[in-house]
Amino acid sequence: SKKKPLVVVTRKLPDVVETRMRELFDARLNVNDAPMSPGELVEAVKTADVLVPTITDKIDSSLLAQAGENLRLIANFGNGVDNIDVQTALSRGITVTNTPGVLTEDTADMCMALILAVARRVAEGARVIPEETWNGWSPTWMLGHRITGKRLGIVGMGRIGQALARRAKAFGLQVHYHNRRRVSPAIEEALEATYWDSLDQMLARMDVVSVNCPHTPATYHLLSARRLKLMKPDSILVNTARGEIIDENALTRMLEANEIAGAGLDVFEHEPAISPRMLKLARQHRIVVLPHMGSATIEGRIDMGEKVIVNIKTFMDGHRPPDRVLPSML
Ligand code: 8YV
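Here the sequence shown stands for residues 2 to 331, where the numbers follow UniProt numbering.
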């Protein structure tokens, strides 16, 4: 029988996924779930046939320069591939795959949760009873903002953007979007979504803005200080994509100065590090911060693991893996 490929997995995965990987591959699993040290990563790329990294592993050109002949596939456990220098990997003949599709609905749910949490002060309200600070109901206490009838601007109308649009429509939000390419008329019609060719113009008119595009060189600080300033002072911004898409410093300054009404952030520019100023803002009701939980469901993690396995198996059988990352996607 063929020798099983050595598959190095950098982080602990759900048990069912690890069990299946052990059956199919010579799987080197990370039992204690500490992120790999730089030395361990070097060792991994030197020896592995397949590397399964996550967002917490930086697979940059200097690491790839140390990769062994055997390393032919990087099967990312995650949709975003901004942790990997894909160009360099491809130029070295290493195939890269990701896990699209299986975390779409969960991430869109988290967008909605953040929109509701910020607009309706859910996180702040949830602290009142445990902290025993409730003096009783009042007509003017804990007032948030209605979302029904408001305008939502989605930046990036891919799978997650569209899944958010479906939810938003059901909540009575008017859906607007900006994307590099306009989506098909059929999709636009089904979502009752209005396309904005100009991101600037869309930002200036929205009550809620949600970031749902990938982080690539083209989207780094897409929401720059200048663009953030275009947003209405009473609008809110949510981000479940990547921190790097927003100029976090500029957003912090605007939140401090009340130039924007609120923010719901699941991702940060230098996560897990959070700036002291953001930390201070996070203690206020207008800002809801979550520790990168957008796709964190047990079902989603198992589905991601299954995708990784299918990508590895297909590749090892000599075929094109279904979720290849192509240069055109960067
Ligand atoms: C994970 C994600 O947190 O898939 C993504 O792009 O952000 C999340 O699913 C992480 O990236 C897994 O590597």
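The C-beta atom is built at its ideal place from N, Cα and C for all residues, glycine as well. On a predicted model such as this, the values are computed, not experimentally measured, just so you know.
### Message
Assuming Ile188 is part of the alpha helix (DSSP H), what are its boundary residues?
### Response
186–192
### Task
Would you give the residue range spanned by the beta strand (DSSP E) that Asn240 belongs to?
237–240
### Query
For Asp27, which residues does DSSP report across the bridge?
Leu7
### Query
Measuring from the CB of Thr11, is there a heavy atom of the ligand 8YV at a distance below 6 angstroms?
no
### Task
Please check the pair Asp11 and Asp58, which I expect to be a contact at CB under 8 angstroms, by giving their CB distance rounded to whole angstroms.
A quick correction: the sequence has Thr, not Asp, at residue 11. Contact flag correct, Cβ pair sits at about 5 angstroms.
### Task
Note down, in chain order, each residue of its chain lying with its Cβ closer than 8 angstroms to the Cβ of Leu65, except the 5 sequence neighbours on either side.
Val46, Asp86, Thr89, Ala90, Arg93, Ile95
#### Entry: Ala264 - DSSP class collapsed to helix/strand/coil
strand
### Query
Candidates Glu133, Gly137, Val290, Pro15: which alpha carbon is nearest Met305's?
Pro15
### Task
Tell me where the beta strand (DSSP E) around Ile288 begins and ends.
288–290
### Query
If you draw a straight line from the C-alpha of Asp34 to the C-alpha of Lys13, how long is it?
5 angstroms
#### Entry: 8 angstroms CB neighbourhood of Val176 in its chain, flanking five on each side removed
Leu153, Ile155, Ala166, Ala169, Lys170, Leu192, Glu193, Ala194, Thr195
### Message
Please classify Asn213 as buried or exposed, where buried requires at least 16 neighbouring CB atoms within 10 angstroms.
### Response
buried
### Query
Which whole-angstrom value describes the C-beta separation of Val43 and Val8, a residue pair presumed to lie in contact below a C-beta threshold of 8 angstroms?
Not a contact, Cβ separation roughly 17 angstroms.
#### Entry: Span of the alpha helix (DSSP H), counted from its first residue to its last, around Gly306
299–317
### Task
Tell me, please, whether the stretch 234–244 touches the stretch 263–279 by the rule of three or more beta-carbon pairs shorter than 8 angstroms.
yes
### Query
Do you know offhand how far Asp208's Cα is from Arg147's?
11 angstroms
### Message
Could you check whether Gly295 and Thr108 sit closer than 7 angstroms to each other, using their CB atoms as the reference points?
### Response
yes
### Query
Would you report the Cα separation of Pro277 and Arg284, rounded to the nearest angstrom?
11 angstroms
### Query
Does any heavy atom of the ligand 8YV sit closer than 6 angstroms to the C-beta of Leu153?
no
### Query
Are the beta-carbon atoms belonging to Val53 and Phe78 less than 7 angstroms from one another?
yes
#### Entry: Assigned secondary structure, Arg182 (DSSP; H/G/I helix, E/B strand, else coil)
coil
### Task
Compare the beta carbon distance of Leu256 and Leu282 with 7 angstroms and say whether it is the shorter of the two.
yes
### Message
For the alpha helix (DSSP H) containing Ser38, name the first residue and the last one.
### Response
Looking at the DSSP string, Ser38 is not in any alpha helix (DSSP H), and its letter there is neither H nor E.
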